[in-house]
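Mapping to our numbering: the sequence shown position 349 is 350, numbers consecutive.
Glycine is no exception: its CB is placed at the ideal position from the N, C-alpha and C atoms.
These numbers come from a predicted model, not from an experiment.
Heads up, the thing below is written out as structure tokens.
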Amino acid sequence: MATHQADFLVIGSGLAGLNAAIALSEHGSVILLSKVQLGESNTAYAQGGIASVMSDEDSFDAHVRDTLKAGAGLCHREVVEKIIEAGPSAIRNLVETGVQFDESDQGFSLTREGGHSNRRILHAQDITGREIDRAFRMKLASTENITILQHHVAIDLILQDRFSESAVCIGAHVLDAHTGAIDTIGAQATLIATGGAGKAYLYTSNPDVSTGDGIGMAFRSGAKIANMEFFQFHPTCLFHPRAKSFLISEALRGEGGILRRRDGHAFMKEIHPLADLAPRDIVARAIDAEMKRTGDDHVCLDMRHRDPAFVAERFPNIHTACMSFGIDMTQVPIPIVPAAHYMCGGIQTTERGATSVNGLWAAGEAGHTGLHGANRLASNSLLEAAVVSQWASEDMVSWAKEHQSPAPQPWNSGDARTPHEAVIIAHTWDEIRRLMWNYVGIVRSRSRLEGAQRRIELIEHEVIDYHWKTQVTRDLVELRNIVAVAKLVIGCALQREESRGLHYNQTFPEQSEQLYDTQAQSVSHNDIMWSRRPLDGSS
């Protein structure tokens with residue numbers, strides 16, 4: 002077991018983590034944790050692009066209106082305005098880092114996606130996330146003051162005065178996945194940038210690393226968690242037995258793609274004035290309803306009316322991937338289904354990423370600033386990650402200058418034994434993901450949520466018991482966090498007795514007149530406080 006000490010600890014290596022680590026390195030030593038190798042993150046899989054007002058024909062007010070409308074009344078307006086107005090500055094920072102967005106004769110090549118009233122999506126063909134990841138890793142390679150620990154899995158945060166208002170995060174215990182050793186990392190300020198939790202669901206567009214680790218750690222530390230019921234299902238993932246959750250970007254619909262039933266009927270024009278460019282929650286529910294009504298196992302996305310050369314050039318990655326499965330998207334419709342995609346809730350933070358625990362910040366998908374409300378507007382996620390991680394790094398520097406944290410205690414493994422029954426972990430993980438898909442999916446009901454809650458409580462007891470008796474592995478760390486995510490999604494969904502945005506409950510099909518965020522907070526090792534926080538600031 003090793004002990005490391007740094008000024009700053011960054012957990013996660015997507016856009017938020019890499020951006021913050023590079024910024025922090027100018028002010029002190031940084032330890033950057035990557036659960037696997039660098040380059041494997043939700044950022045790297047982002048296809049469509051990043052939203053920002055970059056045209057004279059667009060405006061901050063228009064982007065704010067689109068975001069508020071998509072968020073179905075639950076966006077925190079002041080946060081929305083601040084982050085959107087910081088968009089151009091964030092884009093400049095990305096370009097200075099080396100990100101090469103597509104350009105036209107007029108400047109950046111801007112496209113439009115669902116819910117947007119203007120073309121404001123900057124992109125790099127259909128591999129925008131991969132290009133952002135490439136540029137930041139190149140920058141990282143030439144940046145001093147950063148220690149990169151790949152294949153290191155954060156297990157738990159280390160806190161002074163846990164579950165109290167004076168609680169302070171002073172680092173984390175971390176599993177070295179290569180050796181099995183559990184290292185202790187001390188830091189003056191810690192950033193969680195661990196991304197989402199799509200692997201809590203059976204079908205997801207997320208990579209295997211997206212197991213909600215930051216949510217689980219923060220929740221166990223006593224940090225407030227908000228609005229976990231709002232899990233966005235991307236309407237269009239490739240439906241093919243060999244296509245492991247391959248995302249078909251919303252940008253295809255931005256360039257004229259039409260959703261059709263298998264019989265060829267274009268159904269979205271009957272659902273919403275924006276038809277195929279309606280917000281994602283509406284499109285996902287419409288597809289789900291069509292599949293249930295017809296009994297079909299998928300619907301189709303049709304690009305055949307567009308010029309084949311344009312389609313192949315604009316979407317080379319998607320075109321190549323589809324061709325590898327025998328699907329020529331210029332000649333035949335693409336079979337698609339919805340899949341769990343983006344977590345709009347998360348660790349409750351300010352717009353600058355500060356959590357309710359001193360010394361702890363969160364940015365990117367792991368955090369909940371209030372930008373997304375009840376439904377994220379397309380391509381606002383990379384914008385939030387870029388802006389909030391920059392602001393968080395500035396405040397982490399200020400905190401570190403004023404506070405000196407003590408060295409944390411090393412990990413105590415007690416009488417934990419070597420695991421000999423890995424099938425327990427595999428079976429339990431599969432059970433949770435199926436439970437979440439069938440009971441807590443696109444369309445919910447009170448009875449299904451209550452049934453899911455009863456079952457997840459039993460699973461949680463089994464996993465906790467196994468965790469304390471068994472030596473830690475990456476699979477066990479992830480399972481423990483998936484249980485926490487599932488429990489939070491179910492609990493928050495039960496708190497919301499209405500249908501709004503991404504949360505559609507058949508038992509409560511109407512919107513409430515009250516606007517509130519749902520909250521969860523561990524107040525001891527065994528007790529959770531569930532609450533609603535009105536958006537008007539009243540108690």
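Check each candidate in the options and name the one with the smallest Cα separation from residue i.
i      : options                           : result
Ser35  : Cys76, Ile156, Arg93 and Ala322   : Ile156
Phe231 : Ala355, Ala375, Thr205 and Asn359 : Ala375
Gln151 : Leu160, Ser222, Leu384 and Val210 : Val210
Leu158 : Ala173, Ile149 and Ser448         : Ala173
Arg78  : Ser90, Asn94 and Phe61            : Phe61
Ala590 : Leu450, Trp469 and Glu104         : Nothing about residue 590 can be reported from this structure: the residues present for the chain run from 2 to 540 only.
Arg449 : His306, Leu436, Leu372 and Ile460 : Leu436
Gln137 : Ile23, Ile51, His235 and Ser380   : Per the sequence shown, the amino acid found at residue 137 is Phe instead of Gln. It is Ile23.
Gly347 : Ser399, Leu480, Glu314 and Ala487 : Ala487
Val175 : Glu403, Glu422, Ile84 and Leu33   : Leu33
Once the 5 residues before and after residue i are set aside, which same chain residues still bring their CB inside 7 angstroms of it?
i      : result
Ser540 : Low confidence applies here, because Ser540 scores a pLDDT of 44, under 50, leaving its location unreliable; read the following figure in that light. Taken in chain order, the list of residues that qualify is empty.
Gly258 : Asp277, Leu302, Asp303 and Met304
Phe509 : Glu498, Glu499 and Ser500
Pro411 : Met2, Thr4 and Thr185
Ala45  : Gly130, Arg131 and Asp134
Gln101 : Ala125 and Glu132
Could you give the distance in angstroms between the alpha-carbon of residue i and the alpha-carbon of residue j?
i      : j      : result
Gln107 : Glu256 : 19 angstroms
Gln522 : Val65  : 30 angstroms
Gly25  : Ala190 : Inspection of the sequence shows that residue 25 is occupied by Leu rather than by Gly. Those two C-alpha atoms are separated by around 10 angstroms.
Leu495 : Val441 : 10 angstroms
Glu352 : Val80  : 6 angstroms
Thr4   : Ile183 : 9 angstroms
Gly368 : Ala194 : 8 angstroms
Trp430 : Leu253 : 33 angstroms
Ile443 : Ser406 : 44 angstroms
Met292 : Thr212 : 28 angstroms
Leu239 : Pro317 : 15 angstroms
His462 : Ser357 : 27 angstroms
Gly13  : Val154 : 9 angstroms
Leu69  : His373 : 8 angstroms
Leu489 : Asp308 : 46 angstroms
For the beta strand (DSSP E) holding residue i, just list the boundary residues, first then last.
i      : result
His299 : Where His299 is concerned, there is no enclosing beta strand (DSSP E), given that its DSSP letter is neither H nor E.
Ala173 : Val169 to Asp177
Leu265 : The question names Leu, yet the displayed sequence has Gly at residue 265. No beta strand (DSSP E) holds Gly265; DSSP gives it neither H nor E.
Is residue j closer than 8 angstroms to residue i when the C-beta atoms are compared?
i      : j      : result
Ser246 : Thr205 : yes
Gln38  : Ile128 : no
Gln233 : Leu503 : yes
Ala21  : Ala393 : yes
Asn506 : Cys345 : no
Ile491 : Ala453 : yes
Ala87  : Val388 : yes
His117 : Ala379 : yes
His342 : Gly196 : no
Ser30  : Asp8   : yes
Ala188 : Leu10  : yes
Val464 : Arg475 : no
Closer than 6 angstroms by C-beta to residue i: which residues in its own chain qualify, once you throw out the five before and the five after it? Chain order, please.
i      : result
Pro535 : Tyr517
Ala17  : Ala194, Ala364, Gly365, Ala386 and Ser390
His241 : Phe326
Asp297 : Arg263
Tell me, please, whether the CB atom of residue i is closer than 8 angstroms to any CB atom in chain B?
i      : result
Pro336 : The displayed structure is made up of one protein chain only, and chain B is not part of it.
In chain order, what residues of the same chain lie with their CB nearer than 8 angstroms to the CB of residue i, ignoring the 5 residues before and after it?
i      : result
Val544 : The structure shown does not extend to residue 544, since the chain spans only 2 to 540, so no value can be given for it.
Beta carbon of residue i: closer than 7 angstroms to some heavy atom of the ligand ATP?
i     : result
Ala87 : You won't find the ligand ATP in this model; it holds no ligand whatsoever.
Return the first residue and the last residue of the alpha helix (DSSP H) that residue i is part of.
i      : result
Leu489 : Arg475 to Gln496
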